[in-house]
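Student: Be aware that the sequence shown starts at 7, since it is given in the working numbering, and climbs by one per residue.
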Amino acid sequence: MSKRDEPVDDAPDDAQPPTPVRQEMSGGREWWTDALAETYCEMDPQWESPRGRFEARLSTRQFGDLSLSTVRAHAHSVLRTPAMIADTDSEDYFLCAVTGGPGRIEQHGRSIWLDKGSFAVIDAGLPFRFDFPQQFEQIVVRVPRPLLLGRMSERDVDRVMAQPVSAVSGAGVVVSRFLQQIAALDAAVPNASATALSASAMDMIVTALADTGGAVSPTQQAHTVDLHRAQNLLKTRLHDENLSITEAAAELGISLRYLQKIFQSTGSTPSEWLLQARLERARMILLSTEITIGELASRVGFKDTSHFSRSFRNRYGISPGQYRQR
């Protein structure tokens, strides 16, 4: 591939199709079984009375990388079994925020009750059970697995899995209100705004999750703190094409070996994490500016435009220019 800049669409960002308004559907038992599988993952809905009245309403919309839905339904339970997991490749995370009626979640050896406003994150790659003993409402955010693991270590995610986050105090209040405001939007949202909203939502969700969960050892806590310090440093230096991991370790006051060790929990090396962070920053810039691909590559720390374009295609399946024109 030539090192020359790729052609760039001259159309302004506002000309791109906006994120559509939410789609609303409703139905009974049979429809709900199919809707659950199509919207989330395969689950087995169960009712205390197979002949009792049941109706569910579902509204969905996409915000950047996040899919947000609102559920209103009569009392029932849902079960996800190991067999269902083996038959599918759905391993995303789901943030479930109760906005009306209590609910119980069982996963990861934990059983918790969620009251109005509180929320928890569950893993679609593990068995779970939801029980809603009365009519309820909830907001569900589908979070792609790489998106959450790019912000939290897998160990930390496991620690907060199926743990209640209160909407009475702390960051949980902000997250709960923010999600309800987004869910209530009726108008279409420009792509750049939707991407910014999803990034803001992820930052707030991670902050709220970091404040909860079970106790960790002092060593684990220190590793988590140092990992966040390292990630924040790398984020502030994404533009620096001369930044080396050795230099980053020195600036953090830690050894290169220790830096590599604390990144093991993310499933990537520091260099791999830095590359993905640069590509993610580039993706967001593509949706909000009209700079050339060469300028974009330089802005996110690539010395060579061809290397940037190849890396972007490997990550997202299309070239930067094609991504902008979607």
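We put the beta carbon where it would ideally sit given N, CA and C, even for glycine.
Considering only DSSP beta bridges, list what proline 51 is partnered with.
Tutor: Proline 51 is bridged by DSSP to Val84.
Student: Buried or exposed: tryptophan 119, going by 16 or more other Cβ atoms within 10 Å of its Cβ?
Tutor: exposed
Student: Decide if the region 271-286 is in contact with the region 303-321; the criterion is three or more beta carbon pairs, one per stretch, under 8 Å apart.
Tutor: yes
Student: Where does arginine 3 land, buried or exposed, given buried means 16+ other C-beta within 10 angstroms?
Tutor: Past the edges of the chain, shown from 7 to 332, lies residue 3, and the structure says nothing about it.
Student: Among the candidates Leu101, Gln270 and Asp71, whose CA atom is the shortest distance from the CA of glutamine 237?
Tutor: Gln270
Student: So what does threonine 66 bridge to, in DSSP terms?
Tutor: Gln29 and Ser75
Student: So, leucine 262 versus threonine 272, is the Cβ gap smaller than 7 Å?
Tutor: no
Student: Of all the alpha helix (DSSP H) runs that stay within the bounds of the region 239-273, which reach a length of 4 or more residues?
Tutor: 251-258 and 262-269
Student: Using the beta-carbon count (16 or more within 10 Å), is proline 276 buried or exposed?
Tutor: Buried.
Student: For a quick check, are the C-beta atoms of glycine 70 and serine 204 less than 7 Å apart?
Tutor: Yes, they are a contact pair.
Student: With a 10 Å radius around its C-beta and 16 neighbouring C-beta atoms as the bar for buried, classify glutamine 144 as buried or exposed.
Tutor: buried
Student: For the candidate residues Val231, Ala200 and Gln187, whose alpha-carbon lies nearest to that of aspartate 162?
Tutor: With distances taken between Cα atoms, aspartate 162 lies closest to Val231.
Student: So what's glutamine 186 in DSSP terms, helix, strand or just coil?
Tutor: Looking at glutamine 186 - three-state DSSP - the assignment turns out to be helix.
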